[in-house]
Amino acid sequence: MIIISERTVLRPFSLNDMDALYRMSMEEDIKKYTDILVTDKRSLKKKINVYKSSDFVNEFCFVIVEKASKEVIGCFCGIAIVPKIIEVICCLTKDKRGQGFMQEAIIAFCKQVDRCFVLKFTVSNKNKSAERFVKKLGAKYDFSIGENKVFLLYNNLKELE
456 MIIISERTVL
466 RPFSLNDMDA
476 LYRMSMEEDI
486 KKYTDILVTD
496 KRSLKKKINV
506 YKSSDFVNEF
516 CFVIVEKASK
526 EVIGCFCGIA
536 IVPKIIEVIC
546 CLTKDKRGQG
556 FMQEAIIAFC
566 KQVDRCFVLK
576 FTVSNKNKSA
586 ERFVKKLGAK
596 YDFSIGENKV
606 FLLYNNLKEL
616 E
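Once you know that position 69 of the sequence shown is 524 in this note's numbering, the rest is easy, because the numbers rise by one and skip nothing.
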């Protein structure tokens, strides 16, 4: 499945993305808050092969490509933890944050997927920018667990537009 928005293309991970994903995983705040990416290329290659074989219904992982530059600028991944609740992990390269790329990609995903679901974002209490982002997206605080807050975004497109 490929999802296209005005400025982005979401497409499944491929081995051709390995260098871009590796560079992204080396960014300090991505290493600090996100474990979707790994810091050695052999582990990253294994992870990409796992994502390539996922069924999309229960698990997905997209790279986010900026249309203008054709560069990989982020990733958006999810796994169904229970039916209809998708645990989400997403990140953007530092130079693309704050420009609406992630919000645009997530809204395009929600519009494309033909089923009801809830996106679950777990955000570190220390990651204030991520908390602002999920609130701006329309996710609602649900509960805290340890040093994290959990926000839920219901696939209600009227709220997203």
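Think of the CB as a built atom: it goes at the ideal place given N, C-alpha and C, for glycine as much as any other residue.
Item to check | Three-state secondary structure (DSSP) of residue 522 | outcome: coil
Checklist entry - DSSP state of residue 562, grouped into three classes? => result helix
Item to check | residue 480, DSSP secondary structure in three states | outcome: helix
Checklist entry - Per the contact definition of three or more C-beta pairs closer than 8 Å, is the region 543-559 in contact with the region 523-531? => result yes
Item to check | Proximity test, residue 467 beta-carbon vs the ligand GDP heavy atom, cut-off 7 Å | outcome: In the structure shown, the ligand GDP is absent, as is every other ligand, since no ligand is present at all.
Checklist entry - Counting pairs of beta carbons, one from the region 557-574 and one from the region 467-475, are three or more of them closer than 8 Å? => result no
Checklist entry - Does the beta-carbon distance from residue 586 to residue 461 come in below 8 Å? => result no
Item to check | For residue 539, the three-state DSSP class (helix, strand or coil) | outcome: coil
Next on the checklist: Residues in the same chain with beta-carbon distance under 8 Å from residue 589, minus the five sequence neighbours each way, listed in chain order, please.
Outcome noted: 576, 578, 606, 608
Item to check | Cut-off 8 Å between Cβ atoms - residues of its own chain near residue 603, not counting five sequence neighbours on either side | outcome: 577, 578, 579, 580
Next on the checklist: Let me check understanding here. Comparing Cα to Cα, which of 482, 536, 556 lies closest to residue 521?
Outcome noted: 556
Next on the checklist: In whole angstroms, give me the CA-to-CA distance for residue 475 and residue 548.
Outcome noted: 10 Å
Checklist entry - In or out: residue 480 buried (at least 16 other Cβ within 10 Å) or exposed? => result buried
Next on the checklist: Considering just the uninterrupted stretch of the alpha helix (DSSP H) at residue 588, what are its terminal residues?
Outcome noted: 583-592
Item to check | Sequence-distant residues of the same chain with beta carbon closer than 6 Å to residue 458, five excluded per side | outcome: 465, 563, 564, 567
Checklist entry - Considering only C-alpha positions, which residue in the set 592, 514, 497 is nearest to residue 561? => result 592
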